[in-house]
Amino acid sequence: MNGYRFTLHRFFAVLMKEMIQMRRDRMTLGLLIGIPVMQLFIFGYAINMVPRHLATVVSVADPGPFSDSIVAALNNSSYFDIVKATNSPAEARRMLARGDASFAVEIPVNFSRDLIRGAKPNLLVEADATDPAAGSYALAAIPNLAVTAMRDDLVGPLAPLAAKPAAFNVVVHNLYNPENITQYNIVPGLLGVILTLTMVLATAIALTRERERGTYENLLAMPTRPVEIMVGKITPNIFVGAFQAMLILLLARFVFHVPFIGSLSLLAATSALFITALLGVGYTISTVARNQMQAMQMTFFFLLPSIMLSGFIFPFRGMPGWAQWIGEVLPITHFLRIVRGILLKGNGTFEVWPEVWPMILFLFAAGTVAITRFRRTLD
Amino acid sequence: MNYAINVKGLTKRFGKKVAVNNVDIAVPEGEVWGFLGPNGSGKTTTIRMLCGLLKADAGEGTCLGYDFRTQSEEIKRETGYMTQKFSFWEDLSIRENLEFVARVYGLPKKRKLVDDTLEKLGLVSRQKQLAGELSGGWKQRMALAACMLHSPRLLLLDEPTAGVDPKARRDFWTEIHKLSGAGITVLVSTHYMDEAERCDQIVFISYGDKVAQGPVMKIIEDSGLITFTIEGERARALADELRGKPGVEFVAFFGAMLHVSGYDRALLEATLAPYRGDPALTISETHPSLEDVFIQLQDRAARGAS
Ligand SMILES: Nc1ncnc2c1ncn2[C@@H]1O[C@H](COP(=O)(O)OP(=O)(O)OP(=O)(O)O)[C@@H](O)[C@H]1O
Ligand SMILES: [Mg+2]
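Chains A and B, in that order, give the protein sequences.
To convert, note that position 357 of the first sequence is 357 in the numbering used here; the numbers rise steadily by one, no gaps.
Each position in the second sequence, counted from 1, maps to that position plus 379 in the numbering used here.
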């Protein structure tokens, strides 16, 4: 079938045309570069930043050396700022309700006595759960802080108490305990998600735009072949994608301090493959969509599973089998494993290969569908 | 005789609607043929089928010796098709559009070719302007130049002079006749009668059917139409009066003049007789113009269709 034949000068003609058009479309070009930076900052920080200096009120119903040590330890840690110390639990709760404090730490009556008796008193922590994720790191830190704080107090006859894991219980109310997501996981994941969004969208409108502007008829009336048009339209976007990836990785390295253990050239090569696969999807969409609105909807139809079923949000192995199957088809699933593998574990070509060939397969499938679906007439 | 276009039984349906119905066209090499018909009659659809942009539902034949149904790629390489609606890239400059075309066809000495074309167009000083910023007429002229860049053997022009000023229109037709002298075949759709009269032959379609074909004079003769002109101050007022009278097929204005046409000379004479006495009116027989014939063809087709 001559749809697959390829002539260099016609490919070059399309390529030049696309580059000029891209250069002229400042708005889109700006978005292509601006969006990833913005998203990375917004999501990178929103999802990962460990909140510190959270306003905290302590109510001490049992003053003494133990409670002093605990309060001092809380204050010394960067997680908490003690905004008020009171002896009324009711007032502490009021501050929590008004939002003047995110935490209320209550040291109950007879705390010291019970502690010394070995009766394991409760250290009550109330957290403002309206923003549940905000305090999770801080909450996780409390038990250790308290134990360390009191090591100095529990000496002499009390020393045996210090040796135990904890001489008291930390009771947390409204504790929201999310998965322990670290930015090391999220930032590489964002690379995949951002590329998926921008690359698919950029090519999804490639042909629909020609169709809507009436230039499609001219393109078809000339002897340009489907594969020449496709490669000519995809190639400039590969560079845009490469630029985006570079930008994101630079930010990941220097702003989010993600470790870069593995080979950068391997990362570049696999990213290029991933980008090309995405452009293939976008182009396939543009051969099917009748107008830009449809192209947009199909893009989101592809984007949602890429976010949900790829292991970006939910742990991949925790999903039901059928969802994993869908995930395995998507290039982003493999790309996420590759990026995390290379950056965090230092994986090499050998370890990465099992994730590479599914992407190659996907690319060829998408390309074939695109060429076959390409309408060579206006019917 | 060698035919640049030779197709038979060309048919195209959109859903239930038949846009082109069993049309035969045979254009000898080097001739200029006009393609006429009212809006929506199927001109654009026919031209698109000829260059492979639409799949014909029925019909067979050749374009430039290639099977028009299976060898559209070969046809495209040697055909220049100018679309009715401007279809060049508005966000490319005039020069960039021409360069794109030159690259697609792999033309040698691209730079000089584009330079010469711009020169001929008179657009050298505006070559960097975006095509979208051109006025309607200039867009047409640019499109025409672009579709002739690769020296095609066949030109399919869909209303190339719509919105073009009279001087440029005359230049265009001079160019067309020069090309035809050099052996290039041209099929051009138009709504202008003066342009139709410059063609070797005319194909007239209506509601997808070919209703007339031939050189202008023959079409006029074949129509069997008899036309009288009425001149004078009161002539305009007579139009409504005469419409529908016995023997009068239709009445049309040509400036201050009235054309009254029909098929039956006796009836027509009888109808006009009472006005002959009026000293303010001059009534005389004339050759029907092409426009008279077209209006009649269109009327008849409309009546047939309804
Ligand atoms: N893509 C299409 N889908 C459905 N109907 C169509 C399509 N293209 C054309 N038609 C119909 O086919 C008929 C012929 O249209 P065409 O454009 O060929 O007319 P035309 O002779 O070029 O008219 P004009 O003088 O206005 O340019 C019209 O009734 C039109 O509505
Ligand atoms: Mg038309």
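Yeah, the Cβ is synthetic: ideal placement off N, Cα and C, and Gly gets one too.
Since the model is a prediction, treat every value here as computed from it, not as a measurement.
Residues that residue i contacts on chain B, provided the C-beta gap is smaller than 8 Å
i       : result
G214(A) : T462, K464, F465, S466
K17(A)  : W468, L471, E475, F479
Residue i Cβ short of 6 Å to ligand 1 heavy atom set
i       : result
S585(B) : no
S420(B) : yes
A631(B) : no
A398(B) : yes
F393(B) : yes
8 Å Cβ shell around residue i - same chain, five flanking residues per side excluded
i       : result
R375(A) : T287
K455(B) : C430, G431
V32(A)  : Sequence check: residue 32(A) is Leu here, not Val. So the list reads T198, A202, V240, Q244, once near-sequence residues are dropped.
S472(B) : Q506, K507, Q508, L509, A510
G341(A) : G262, N347, E351, V352, E355
G516(B) : G542, V543, D544, A547
T86(A)  : V57, V58, S59, V60, A92
Closer than 9 Å at the beta carbon, the chain B residues around residue i
i      : result
F12(A) : R482
H9(A)  : R482, V483, Y484, G485
Residues of its chain near residue i, where Cβ-Cβ distance is below 7 Å and the 5 sequence neighbours each way are ignored
i       : result
K395(B) : none
V109(A) : A61, D62
L197(A) : L303
D671(B) : L604, T606, A631, H638, S640
K391(B) : A398, V399, T424, M428, L433, A435, D436
I326(A) : P305, L309
F11(A)  : E228, V231, G232
N237(A) : M199, A202, T203, L279
K387(B) : D403, G438, E439, G440
K84(A)  : V57, M95
Closer than 6 Å: residue i CB and nearest ligand 2 heavy atom
i       : result
T423(B) : yes
Q39(A)  : no
Q463(B) : yes
Closest by C-alpha distance to residue i, when choosing among the options
i       : options                            : result
A268(A) : V356(A), N110(A), Q21(A)           : V356(A)
M296(A) : S88(A), I205(A), D379(A)           : I205(A)
R520(B) : V582(B), N476(B), R482(B), F632(B) : N476(B)
L266(A) : I33(A), T349(A), A127(A)           : T349(A)
F302(A) : A323(A), M293(A), L330(A)          : L330(A)
I20(A)  : P417(B), F479(B), N401(B)          : F479(B)
N385(B) : N400(B), R392(B), N401(B), V406(B) : V406(B)
L415(B) : G611(B), A618(B), E574(B), A645(B) : E574(B)
A90(A)  : R5(A), S78(A), R213(A), I107(A)    : I107(A)
A72(A)  : V105(A), A92(A), Q324(A), I42(A)   : V105(A)
W353(A) : F256(A), L378(A), L273(A), F300(A) : L273(A)
Y79(A)  : N87(A), F103(A), A92(A), P65(A)    : F103(A)
L344(A) : P358(A), A370(A), L264(A)          : L264(A)
E664(B) : M636(B), R682(B), E512(B)          : M636(B)
M22(A)  : T462(B), E469(B), L389(B)          : E469(B)
I662(B) : S668(B), M461(B), E648(B)          : E648(B)
A645(B) : G634(B), P653(B), G626(B)          : G626(B)
V660(B) : L502(B), L676(B), R615(B)          : Inspection of the sequence shows that residue 660(B) is occupied by Leu rather than by Val. Comparing Cα-Cα distances from L660(B) to each of L502(B), L676(B), R615(B), the minimum goes to R615(B).
F551(B) : A561(B), A524(B), A618(B)          : A524(B)
Y382(B) : E410(B), F393(B), L389(B)          : E410(B)
Closer than 7 Å at the beta carbon, the chain B residues around residue i
i       : result
T224(A) : V483
I20(A)  : L471, E475
R24(A)  : D470
Sequence-distant residues of the same chain with beta carbon closer than 6 Å to residue i, five excluded per side
i       : result
A366(A) : G280, V281, T284
E179(A) : Confidence in E179(A) is poor, its pLDDT being 33 and thus under 50, which makes the residue's placement too unreliable to answer from.
G587(B) : V397, A398, V399, N400, G421
T299(A) : V200, L201, A204
Contact list for residue i against chain A, beta-carbon separation under 8 Å
i       : result
L432(B) : E217, L220, A221, T377, L378
R456(B) : P223
Partner residues on chain A for residue i, Cβ-Cβ distance less than 9 Å
i       : result
R490(B) : The contacting residues do not exist; R490(B) stays about 14 Å from chain A at best.
Under 7 Å from the C-beta of residue i: neighbouring residues of chain A
i       : result
R448(B) : In chain order: nothing, as chain A lies at least about 11 Å away.
R427(B) : L378
Residue i: CB within 6 Å of a non-hydrogen atom of ligand 3
i       : result
A618(B) : Here the bound small molecules are ligand 1 and ligand 2; ligand 3 is not part of this structure.
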